[in-house]
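Just so we're aligned, residue 202 is where the sequence shown starts under this note's numbering, counting upward by one.
In this text, a Cβ means the ideal position worked out from N, Cα and C, and glycines have one as well.
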Amino acid sequence: MAVPGMHELAGHVPSYIAGPGGDDVLFSRLSVFILLLVVLIGVTYFRLHALPESIAHRENHAQFQLVGVLSLVALFTHDNIFWIAALLLAAVRLPNFTAPLQAIADNLKELARPAGRPAVQEAPTAGPMPTAKTPVPNEPAD
């Protein structure tokens with residue numbers, strides 16, 4: 202098929218090559234494709250960086266904030282060790298050491314108390330503690 206203004210030997214030129222004054226269809230389609238590809242890669246990258254946080258949030262970890270901070274530091278510094286540490290911290294549930302230690306301390310307190318004495322009640326912390334009025338040595342007594 203002969204296009205006006207085209208040389209007669211240029212019939213083998215592919216259809217995506219624009220004629221004189223025509224739109225470059227290949228450039229338009231590739232620019233849209235590259236733009237979508239960059240956005241898709243960015244979304245995947247940020248979703249991958251948020252993976253430890255989402256795991257910790259789903260598992261309801263106590264160290265959720267630490268996992269979030271490690272993920273954020275890994276994102277800004279590009280140090281992979283922070284991201285790996287956040288992923289390991291989110292994937293592995295650390296045991297609760299404070300509850301058994303508190304129970305041991307409470308039982309030791311009970312064992313250390315003499316047999317006839319009641320358990321010591323701790324003073325309330327709300328409000329000021331009452332003090333006895335004692336005379337100052339240089340002041341005459343009332």
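Residue i burial status per 10 Å Cβ neighbour count (16 or more: buried)
i      : result
Ser283 : Looking at the sequence itself, residue 283 is Phe, so the reference to Ser does not match. So Phe283 counts as buried.
Leu288 : buried
Leu302 : exposed
Leu290 : buried
Val240 : exposed
Reduced DSSP secondary structure (H/G/I, E/B, other) of residue i
i      : result
Pro301 : helix
Asn281 : helix
Arg314 : coil
Val214 : coil
Asn308 : helix
Leu200 : With the chain covering 202 to 343 only, the question about residue 200 has no answer from this structure.
Ala219 : coil
Nonlocal neighbours in the same chain, by C-beta distance under 7 Å from residue i, ignoring five residues either side
i      : result
Pro315 : none
Beta-carbon proximity list for residue i, same chain, < 8 Å, skipping 5 on both sides
i      : result
Asp225 : Ala219
Same chain only: Cβ atoms within 6 Å of residue i, ignoring 5 sequence neighbours per side
i      : result
Ile242 : none
Leu227 : Tyr217
Ala257 : Phe265, Val268 and Ala291
Inter-stretch contact at 8 Å, needing at least 3 Cβ pairs: the segment 272-290 / the segment 251-263: Enough Cβ pairs lie closer than 8 Å, so yes.
Three or more C-beta pairs below 8 Å linking the segment 259-267 and the segment 291-300: With the rule of 3 Cβ pairs closer than 8 Å, the segment 259-267 counts as touching the segment 291-300.
Complete runs of the alpha helix (DSSP H) confined to the segment 243-269 [at least 4 residues]: Within the segment 243-269, the runs of alpha helix (DSSP H) at least 4 residues long that lie entirely inside it are, in chain order, 252-260.
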